[in-house]
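Chains as they are written, first to last, in the working numbering: chain A, 1 to 111; chain B, 1 to 115.
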């Protein structure tokens with residue numbers, strides 16, 4: 001129903017701990033995946049991307065893992081900080097108009 | 001600030017009125033996108049431009065919606081005869097497509113409330 005989207009999956013972590021946010025994607029032919037971070041009152045912000053010929057990619061404090069066998073994507077945030085509190089979206093597609101955003105996960109960081 | 005700029009940030013209107021939103025993309029970006037986002041959902045694609053040409057429109061974009069990018073720079077999104085179901089955040093994004101990859105840079109959006 002229309003209210004399903006209001007109940008975002010939520011992850012609550014202690015400051016300094018590592019966070020893992022998971023995402024299942026739908027199209028086995030997708031070859032490009034992106035994680036976006038959206039803070040309250042702002043538009044989504046690019047975090048990291050990965051192509052289907054890779055299974056892991058690292059950025060600054062973030063790592064994306066791709067498991068094509070089970071169509072699963074995860075975002076790992078090391079040493080989570082209060083500024084990491086936001087809604088995180090995974091997206092699949094070409095990065096442009098064919099990009100499909102998944103349902104978000106809200107990350108709360110407890111001080 | 002050299003990011004994507006959207007105006008207004010908030011718009012409250014009565015059902016049946018027309019509204020227009022503006023987006024100023026990052027200056028060197030050749031692509032400009034409009035998305036709609038409702039509470040708890042990811043952004044949904046509406047339409048995009050490459051320079052001044054509108055290349056793709058979603059089925060979500062009813063005939064009450066029109067978008068323009070007259071000089072390949074800023075863009076406007078107009079909604080005619082607004083309905084309560086049009087209430088949402090309207091996001092603009094721009095990108096510089098290169099080598100088959102592109103990264104979208106989003107503005108902070110225009111929050112529309114139709115009463």
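Beta carbons are placed, not taken as given, at the ideal position from N, Cα and C, and that holds for glycine.
These numbers were taken from a predicted model, which means no experiment stands behind them.
Query                                                                                                               : Result
Three-state secondary structure assigned by DSSP to residue 84/B                                                    : helix
C-alpha distance - residue 72/B paired with residue 14/A, whole-angstrom precision                                  : 46 Å
Start-end ranges of the beta strand (DSSP E) lying completely within the region 6-92 of chain B, minimum 3 residues : 10-13, 19-24, 31-37, 44-50, 53-57, 65-68 and 75-79
Beta-carbon proximity of residue 12/B to residue 77/B, cut-off 9 Å                                                  : no
Rounded straight-line distance, which links the Cα of residue 114/B to that of residue 3/A                          : With a pLDDT of only 35 at residue 3/A, under 50, the local geometry of the prediction cannot be trusted, and the value read off the model is given with reservation. Roughly 19 Å between the two C-alpha positions.
Three-state secondary structure (DSSP) of residue 49/A                                                              : strand
Best match in 96/A, 63/A and 68/A for proximity to residue 78/A [C-alpha to C-alpha]                                : 63/A
The region 61-73 of chain B: positions lying closer than 9 Å to chain A by Cβ                                       : none
Meets three-Cβ-pair contact criterion under 8 Å: the region 45-59 of chain A and the region 30-37 of chain A        : yes
Contacts that residue 43/B makes with chain A (C-beta to C-beta distance below 7 Å)                                 : 44 and 101
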